[in-house]
Amino acid sequence: MAPLHPHRAFWLIAATYVMVLFASAAPSPLYPIYQELWGFSSLTLTLVFAVYVVTMLMSLLTVGSLSDHIGRRPVLAVALVLLIASMVLFVAAQDVGTLLAARALQGLATGAAMGTLTATTVDLQPTARLGSTIIGAAPAFGLAAGVGVAGLLVEYAPAPRILVYEIILGFFAMLLAALLIIPETREREGFRSRRHLAVTLAPQVRVPREVRPVFFAAVPTLVATWSLGGLYLSLGSSVVARVFGVTNHGAAGLILFTFFASATITSLVITGRPSTVKQAVGYPTLAAGVLISLSGVLTEALPLYILGSIVAGSGWAATFLSAMDNITAATPPAQRGQVFSSVFVASYLAFSVPAVIAGVVLSHIGLRATIIGYVGYVLVVALFGAVLALLMRRAATRADRAIATIGDTGPRQPVAAGEP
20 MAPLHPHRAF
30 WLIAATYVMV
40 LFASAAPSPL
50 YPIYQELWGF
60 SSLTLTLVFA
70 VYVVTMLMSL
80 LTVGSLSDHI
90 GRRPVLAVAL
100 VLLIASMVLF
110 VAAQDVGTLL
120 AARALQGLAT
130 GAAMGTLTAT
140 TVDLQPTARL
150 GSTIIGAAPA
160 FGLAAGVGVA
170 GLLVEYAPAP
180 RILVYEIILG
190 FFAMLLAALL
200 IIPETREREG
210 FRSRRHLAVT
220 LAPQVRVPRE
230 VRPVFFAAVP
240 TLVATWSLGG
250 LYLSLGSSVV
260 ARVFGVTNHG
270 AAGLILFTFF
280 ASATITSLVI
290 TGRPSTVKQA
300 VGYPTLAAGV
310 LISLSGVLTE
320 ALPLYILGSI
330 VAGSGWAATF
340 LSAMDNITAA
350 TPPAQRGQVF
360 SSVFVASYLA
370 FSVPAVIAGV
380 VLSHIGLRAT
390 IIGYVGYVLV
400 VALFGAVLAL
410 LMRRAATRAD
420 RAIATIGDTG
430 PRQPVAAGEP
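Following this line, the structure appears as structure tokens:
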């Protein structure tokens, strides 16, 4: 069977990217149903959230760079098979143990897929602008669609506890079949020895030396944005239900949808702008949105909370895209899987650790105090990232001026005899 044209393959990979994130967010609106059905505590709910992230990080740390050695398609194929298996477990779940197993398997599969999908997107991108659009918009759109669609199905569709997983399973099966005609974008190099294989699979974050300055400068941006996403997905349902009294799962899902939908639209609009412009727009917008949302929580004003979510989502997208643009530009093609896996290690640590801590302290200090502390943490990290970005931009400007000055005042070429 002839492989697809790279442009068509690019859109199939983009669809896979969206579906993996869709699946990761889909269980969120179902957690209250599981909790009511099986009677487990908020601490157990936090454990269900945490096990997904732990197994995903294990996967990112071990197999994240595997696609740089054996090709992109084999890694994606295994990840999709594992995702299908996790959906089967979700459908069959009758207790917390099976739910934990399903979430753990989903985490392993998502970790294997994320870095590889990002690398494949860059490999196949028709233009750098379109690739940047997908990298920025796919996570936000997938998460938005996951919480929105799952919330509507839970509220209005039959068999709310299993239907969304059956739909996702069907999409993953089609994407797995389509993978057979997607061209391989990374030449298979294999491993020089068993030791080389063992070193490659050893749990560690590996960032090439030439990429490190850009990567570490982007870490505060990744932490601020993904911590904010973790706040919405972990505590968002509790805020909507307990602060604003919204008990309709469909409405609650749509309220959470506004944050990620705003991020998606902003990604589409701002793509193509320089990363400096994205930073200049992103950090202030993110901070303003978070403060508006907090005001909505403290005053119990739902419209204010929704407005803040829209503004914060826009800032999330612009800020995250600026970091991804810089990292993508600095990363050699042969090391994309490795670098992007490291990006998602940092991102999902930021996504999960604060959310788990918030879930633990929630019962001790209350929801409002937890939200205030969480928002304060996000603002401090965002401020640090903005200051670091400004300092690096000034340093780069000074270096450019120094190079230009050297060029202008450098030694003149010898003048030939007879020339003026």
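Heads up: the sequence shown begins at 20 in the numbering used here, then just goes up one per residue. We put the CB at the ideal spot given by N, CA and C, even for glycine.
{"Query": "Out of PRO22, ALA28, ARG225 and ALA104, which has the shortest C-alpha to C-alpha gap to PHE359?", "Result": "ARG225"}
{"Query": "Look up ARG225 in the DSSP assignment and say whether it is helix, strand or coil.", "Result": "coil"}
{"Query": "Less than 7 Å separating the beta-carbons of LEU23 and ILE201?", "Result": "yes"}
{"Query": "Hey, would you say HIS26 sits closer than 7 Å to PRO145, going by beta carbons?", "Result": "yes"}
{"Query": "Measuring only the C-alpha atoms, how far is TYR36 from PHE191?", "Result": "11 Å"}
{"Query": "Terminal residues of the continuous alpha helix (DSSP H) containing SER105?", "Result": "91-111"}
{"Query": "At 3 residues or longer, and completely inside the region 270-339: list those beta strand (DSSP E) runs for me, N to C.", "Result": "none"}
{"Query": "DSSP three-state label for GLY392, please.", "Result": "helix"}
{"Query": "Cutting at 6 Å between CB atoms, please list the residues of its own chain near VAL242, excluding the five before and the five after it.", "Result": "ALA369 and VAL400"}
{"Query": "I want to know whether the region 382-391 touches the region 229-248 - three or more CB-CB distances under 8 Å.", "Result": "no"}
{"Query": "Measure the CB-CB distance between VAL259 and ALA271 and report whether it falls below 7 Å.", "Result": "yes"}
{"Query": "How many angstroms separate the CA atom of LEU56 from the CA atom of ASN345?", "Result": "46 Å"}
{"Query": "Can you check which of these residues, SER78, ILE103, ALA132 and GLY130, is closest to VAL452 by C-alpha distance?", "Result": "Given a span of 20 to 439 for the chain in the structure shown, any question on residue 452 remains unanswerable."}
{"Query": "Rounded to whole angstroms, what's the CA-CA distance from VAL394 to ALA336? Just pull it up for me.", "Result": "18 Å"}
{"Query": "Tell me the DSSP secondary structure of THR137 in three-state form.", "Result": "helix"}
{"Query": "Report back the beta-carbon spacing between GLY378 and SER253 to the nearest angstrom; my notes put them in contact at under 8 Å.", "Result": "6 Å"}
{"Query": "May I ask which residues mark the beginning and end of the alpha helix (DSSP H) holding ARG355?", "Result": "355-384"}
{"Query": "Pull up the distance between the alpha-carbon of ALA33 and that of ASP142, whole angstroms please.", "Result": "12 Å"}
{"Query": "Could you compute how far the alpha carbon of VAL330 sits from the alpha carbon of PHE68?", "Result": "26 Å"}
{"Query": "Taking 8 Å as the limit between beta carbons, can you name the residues of its chain near ALA169, skipping five residues before and five after?", "Result": "ALA44, ALA45, PRO46, SER47, PRO48, LEU49, VAL183 and GLY272"}
{"Query": "Mind checking whether SER286 and GLY155 have CB atoms under 7 Å apart?", "Result": "yes"}
{"Query": "How many angstroms separate the CA atom of LEU99 from the CA atom of ALA307?", "Result": "38 Å"}
{"Query": "Among VAL375, ALA42, ALA121 and SER341, which residue has its Cα nearest to the Cα of ILE186?", "Result": "ALA42"}
{"Query": "Enumerate in chain order the residues of its own chain whose CB-to-CB distance from MET77 is below 6 Å, with the five nearest sequence positions on each side excluded.", "Result": "none"}
{"Query": "I'd like the span of the alpha helix (DSSP H) that includes PHE29, first residue to last.", "Result": "25-44"}
{"Query": "Once you ignore the five residues that flank THR74 on each side, which residues in its own chain have a CB closer than 6 Å to its CB?", "Result": "ALA123, GLY126 and LEU127"}
{"Query": "What is the DSSP secondary structure of ASN267, reduced to helix, strand or coil?", "Result": "coil"}
{"Query": "Span of the alpha helix (DSSP H) holding VAL173?", "Result": "147-175"}
{"Query": "Between GLY332 and ALA280, which are expected to be in contact by the criterion C-beta below 8 Å, what is the C-beta distance as a whole number of angstroms?", "Result": "7 Å"}
{"Query": "Does DSSP classify GLU55 as helix, strand or coil?", "Result": "helix"}
{"Query": "What do you get for SER382, buried or exposed, if any count of 16 or more other CB atoms within 10 angstroms of its CB means buried?", "Result": "exposed"}
{"Query": "In the structure shown, what three-state DSSP assignment does GLN144 receive?", "Result": "coil"}
{"Query": "Could you check what DSSP says for ARG205 in three-state terms: helix, strand or coil?", "Result": "coil"}
{"Query": "Does DSSP put SER60 in a helix, in a strand, or in coil?", "Result": "coil"}
{"Query": "Is the CB-CB distance between GLY404 and PRO239 below 7 Å?", "Result": "yes"}
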